[in-house]
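A short worksheet on the structure shown next.
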Amino acid sequence: MASLRVLSRRYFTVNVKNKAISGVTLTLLQEEGFSRTFNINHQKVCARPQKLRFFHSCCADRGLFGGGGGSSQQQTLEDIAKGIRDREYKRIVVMAGAGISTPSGIPDFRSPGSGLYDNLQQYNLPYAEAIFEINYFHHNPKPFFALAKELYPGNYQPNLTHYFIRLLHDKGQLLRMYTQNIDGLERMAGIPPKMLVEAHGTFATATCTVCRRDYKGEELRNDIMAGTVPNCPHCKGVIKPDIVFFGEELPQHFFLYLTDFPIADLVIVMGTSLEVEPFASLAGAVRGSVSRLLINRDLVGPFAWGSPRHNDVAELGDVVSGVRRLAEALGWMPELEALMSADAKKASEMREE
Ligand SMILES: [Zn+2]
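Structure below.
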């Protein structure tokens, strides 16, 4: 959504008081030629003592963004599963896109012919993307709220993919999940918000467009379900869910969590075309010694155009089937099914109330 491209990426190590400080300087180009530079450096990581310890050993052992590992044997899905099972991978970063939500029935609102897109036609949008343009929203918020009504948490259920990531978290092996989705299925599957970077925002919180007061998404539910535009009780301004529109900045913590990638020990990419920056560059920026697993319909991003790495694994085809094969290789299917049926029971009890 918000267009953001990584213009340059420079890794640095400097000596301060005989201590090596490593980091990465990112220059990001936002829309309209406005660029910003971010220093993701050791100082920020230092704020979190747990990570600092690893950072030191990582810098000392092999250099922060060092080259590939020693073995040249091509890794397989079974190798990745063994690494997870043996807890060799304890800081797993998951990057996910729309492909993990379509199995839950989330409509692709960008495709002509899909029910939702056709629904939006009654609002005479100049073009489909206008629904996420902030200027258009100020002019006419109704189409966005029609979409919000459709996507509002509760209409769709998370699938095996979301619960697999929840299980990674329950086992203490998830470092962070980066999602491009705005359907909230990650939270519904029980992944805590602090473990999530919702790169395109969330319906879980909202902000008044005039006085900037914060609201809980839940406070907007009645208005949204009734098809009314929610207004701020204090200033009568329109309250907008915290979805990132074109022309708006990405959530601030997105940039802080770029510190996740230097310390990740496994990156799993699922259900995304990796076309939207800075997602694409992130997947390419991990150390060469870090294993990467792609579970997707097609080869994408650095898996498609980068030089092949022996520790890249691509599990191509249907995303849910791919995640199921990984869960089976791990021996986690019984746990996963128990988790899913407990949640399904809870959801049906809530519906009956
Ligand atoms: Zn207000």
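First residue of the sequence shown? That's 11 in our numbering, and the numbers climb one at a time after it. Just so it is clear, CB atoms sit at the ideal spot from N, CA and C, and this is done for glycine as well.
Three-way DSSP call (helix, strand, coil) for Pro113 in this model: Pro113: helix per DSSP, three-state reduction.
Where are the beta strand (DSSP E) runs, 3 residues long or more, that stay fully inside the segment 228-281, in chain order? For the segment 228-281, whole beta strand (DSSP E) runs of length 3 or above, ordered along the chain, are 249-253 and 276-280.
Please report how far the alpha carbon of Leu260 lies from the alpha carbon of Val103, in whole angstroms. 19 angstroms
Would Ile110 and Val329 be called neighbours here (beta carbons separated by less than 7 angstroms)? Yes, they are a contact pair.
Between which two residues does the beta strand (DSSP E) containing Phe213 stretch? Gly211 to Cys218
Check Tyr188 in the structure and name its three-state DSSP category. Of the three classes helix, strand and coil, the one that applies to Tyr188 here is strand, per DSSP.
Would you say the beta carbon of His244 is closer than 6 angstroms to some non-hydrogen atom of ligand 1? yes
In whole angstroms, what separates the C-alpha of Glu345 from that of Ala274? Rounded to the nearest whole angstrom, the C-alpha separation of Glu345 and Ala274 is 25 angstroms.
Collapsed DSSP secondary structure at Ala106 in the structure displayed: strand
Whole angstroms is fine: what's the gap from Leu206's alpha carbon to Tyr188's? 6 angstroms
Beta-bridge pairing of Arg302 - partner residues as DSSP gives them: Val277 and Asp322
Indicate whether the contact test is met: 3 or more Cβ pairs, each with one atom in the segment 190-198 and one in the segment 158-169, closer than 8 angstroms. yes
Check whether the Cβ atoms of Gly311 and Ala295 lie closer than 7 angstroms to each other. In this structure, Ala295 does not lie closer than 7 angstroms to Gly311 by Cβ.
Could you please give the first and the last residue of the uninterrupted alpha helix (DSSP H) stretch that includes Tyr173? Leu170 to Asp180
Quick check on the burial criterion: 16 or more other C-beta atoms within 10 angstroms. Buried or exposed for Tyr137? exposed
Alpha-carbon spacing of Trp342 relative to Trp315, whole angstroms: C-alpha separation (whole angstroms): 32 angstroms.
Which listed residue (Ser291, Phe313 and Asp224) has its alpha carbon closest to that of Pro243: Asp224
DSSP three-state label for Leu340, please. If DSSP states are grouped into helix, strand and coil, Leu340 belongs with the helices.
Within 10 angstroms of the Cβ of Lys250, are there 16 or more other Cβ atoms? Answer buried if so, exposed if not. Burial call: buried.
Cutoff 8 angstroms; reference Gly93; Cβ partners in own chain excluding five residues on either side: Within the same chain, Gly93 has close Cβ partners Tyr99, Leu276 and Ser301.
Under the assumption that Leu309 contacts Leu326 (Cβ atoms under 8 angstroms), give the Cβ distance between them as a whole number of angstroms. 7 angstroms
Report yes if the C-beta of Arg334 is less than 6 angstroms from at least one heavy atom of ligand 3; otherwise report no. Ligands in the displayed structure: ligand 1; ligand 3 is not one of them.
Enumerate in chain order the residues of its own chain whose CB-to-CB distance from Ile141 is below 7 angstroms, with the five nearest sequence positions on each side excluded. Same-chain partners within the cutoff: Leu130, Leu135, Pro153, Phe154 and Leu157.
How would you label Gln83, buried or exposed, when you count the other beta carbons within 10 angstroms and need 16 or more for buried? exposed
For Asp224, write down the residues that DSSP places opposite it in a beta bridge. Thr217
Is Val396 helix, strand or coil by DSSP? For residue 396 there is no data in the structure shown, the boundaries of the chain being 11 and 363.
Assign Ala352 to one of two classes, buried (16 or more other C-beta atoms within 10 Å of its C-beta) or exposed (fewer than that). Counting Cβ neighbours within 10 Å, Ala352 comes out exposed, since fewer than 16 surround it.
Give me, in chain order, the residues of the same chain whose beta-carbon lies closer than 8 angstroms to that of Thr217; leave out the 5 immediate sequence neighbours on both sides. Arg223, Asp224, Tyr225, Ile249, Lys250 and Asp252
Rounded straight-line distance, which links the Cα of Gly281 to that of Thr238: 33 angstroms
The alpha helix (DSSP H) spanning Asn134 covers which residue range? No alpha helix (DSSP H) contains Asn134, which DSSP labels as neither H nor E.
Specify the secondary structure class of Asp143 as computed by DSSP and reduced to three states. The identity of residue 143 in the sequence shown is Glu, whereas the question assumes Asp. It is a strand residue.
From the DSSP output, in three-state form, read off Ala354 for me. helix
On a CA-only basis, which of Gln262, Pro202 and His179 is nearest Gly211? Give me that one, please. Gln262
Rounded to the nearest angstrom, what separates Ser114 and Leu303 at their Cα positions? 22 angstroms
Report yes if the C-beta of Arg223 is less than 6 angstroms from at least one heavy atom of ligand 1; otherwise report no. It does: the Cβ of Arg223 is within 6 angstroms (strictly closer) of some heavy atom of ligand 1.
What does a CB cutoff of less than 6 angstroms around Phe147 pick up in its chain, not counting 5 residues either side in sequence? Phe154
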